[in-house]
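In full-length UniProt numbering, the protein residues as written are 1 to 365.
No residue lacks a Cβ here, since even glycine has one placed at the ideal position from N, Cα and C.
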């Protein structure tokens, strides 16, 4: 459907203002209530299925290995093997940005599903077991032939900055056929991982998911993932945000990169003009949530010691999306996100080590 100026419509399955006027608020309330009651999942996520290998290092190690501090670089199998050999003792755990987010949603007590590609190998079976063990539905068929299950080698410096070197392996084989309509149409919110903007087939999978979600009057959320991703795909990302996204997550560097500006406030405003809800994190300064012409500033939860920032943005999205799926006000959604982020940076690893539901109750949320 197009508007009169030839630009794509951004209806996204939302109720038309005229319909809202004719039906009245009570009818629209029951429509929303019916959608909530018929949703099998609070959040379904599409992303890279990765096993994380997390180790401590110093800045000298990064320099020796030619790694850009705080970045995510894609590597081939040979580089993965050589880097692994020189890393210090590591912790291995199932990860991947969107997978971490739905793990957080499940920890809050939400109903979650994940779509991503693993190989039919040992790491792939470990990943599947880990997702099912936390109560997250993961039914995407494994890759029978081809590259191995992905792994991300994460080196964490004493200042808690993480530098990721990722071998995507089977992840890049995700395609539209892997997008299960029964899951997307039954999820209140489908959350898409920006890292998957690199493989063309995965991008087409995103388009299919957006069509399915909006056709069922559901929401699409996107995380920009990394400023390097934004630099590579700025035009395509902007087009996707403007025409397909209801909710967009970013950090300060990513949102400024998207609009090629150093003016944070201007970048947030520009993003909010292109989607329903813009949630932008800014480390110890907390986050800002922009929607309906309003700006909500959310404080960061205090942390005694920042150990590892891996997964902070993923868990912020988990708390925010869980709150949104439960009909909570946007400031509360932001607070739930901040709480989850604070929990995960207090230890190594990108997923919660305590029940986020219990933690939220303890903090009055």
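Measure the C-alpha to C-alpha separation of residue 93 and residue 244 and round it to an integer number of angstroms.
32 Å
C-alpha gap between residue 324 and residue 78, whole angstroms
42 Å
Give me, in chain order, the residues of the same chain whose beta-carbon lies closer than 8 Å to that of residue 367; leave out the 5 immediate sequence neighbours on both sides.
Within the shown structure, residues of the chain are numbered from 1 to 365, placing residue 367 beyond reach of any answer.
What is the DSSP secondary structure of residue 107, reduced to helix, strand or coil?
helix
Taking residue 353 as part of the beta strand (DSSP E), name the residues at either end of that continuous run.
Neither: residue 353 is in no beta strand (DSSP E) and is coded neither H nor E.
Segments of 3+ residues assigned as beta strand (DSSP E) that fall wholly inside the stretch 181-219:
You should have 187-193.
Evaluate contact between the stretch 102-119 and the stretch 41-61, counting only Cβ atoms and requiring at least three cross-stretch pairs below 8 Å.
yes
Kindly indicate which three-state DSSP category residue 131 falls into: helix, strand or coil?
helix
Going by the DSSP bridge assignment, what does residue 297 pair with across the sheet?
288
What residue range does the beta strand (DSSP E) around residue 92 cover?
90-95
Cut-off 6 Å between Cβ atoms - residues of its own chain near residue 176, not counting five sequence neighbours on either side:
204, 205, 208
Identify which residue in 220, 153, 229 has its Cα closest to the Cα of residue 276.
220
For residue 162, which beta-bridge partners are listed by DSSP?
In DSSP, residue 162 forms a bridge with 156.
Identify whether residue 61 lies in helix, strand or coil by the three-state DSSP scheme.
helix
Which residues bound the alpha helix (DSSP H) around residue 74?
It is not in any alpha helix (DSSP H) - residue 74 instead sits in the beta strand (DSSP E) that spans 72-74.
Which residues does DSSP list as the beta-bridge partners of residue 50?
Partner(s): 95, 150.
Proximity below 9 Å, CB of residue 189 to CB of residue 44
yes
Quick check: the Cα distance between residue 233 and residue 201, rounded to an integer number of angstroms?
Here the alpha carbons of residue 201 and residue 233 stand approximately 15 Å from one another.
Is the beta carbon of residue 170 closer than 9 Å to that of residue 139?
no
Given a cut-off of 9 Å, decide if residue 184 and residue 54 are closer than it, judged by their beta-carbon atoms.
no
Spatially closest choice to residue 246 from 273, 261, 257, 236, by CA coordinates:
273
Tell me, which residues are paired with residue 249 by DSSP?
223, 279
Pull up the distance between the alpha-carbon of residue 258 and that of residue 269, whole angstroms please.
12 Å
What are the boundary residues of the beta strand (DSSP E) that residue 321 is part of?
First-last for residue 321: 312-325, but that is the alpha helix (DSSP H), not the beta strand (DSSP E).
What does a CB cutoff of less than 8 Å around residue 151 pick up in its chain, not counting 5 residues either side in sequence?
50, 51, 52, 53, 80, 123, 166, 167, 169
Using only the alpha-carbon positions, how far apart do residue 225 and residue 87 sit?
25 Å
Between 271, 265, 263, which has its C-alpha nearest residue 240's C-alpha?
271
Residue 43 by DSSP, collapsed to three states: which one?
Note: residue 43 maps to strand in three-state DSSP.
Assuming residue 254 contacts residue 98 (C-beta within less than 8 Å), just tell me the rounded distance between them.
So it is not a contact: roughly 15 Å between Cβ atoms.
Please name the residue or residues paired with residue 167 in a DSSP beta bridge.
DSSP, once it has assigned bridges, lists 151 as partnering residue 167.
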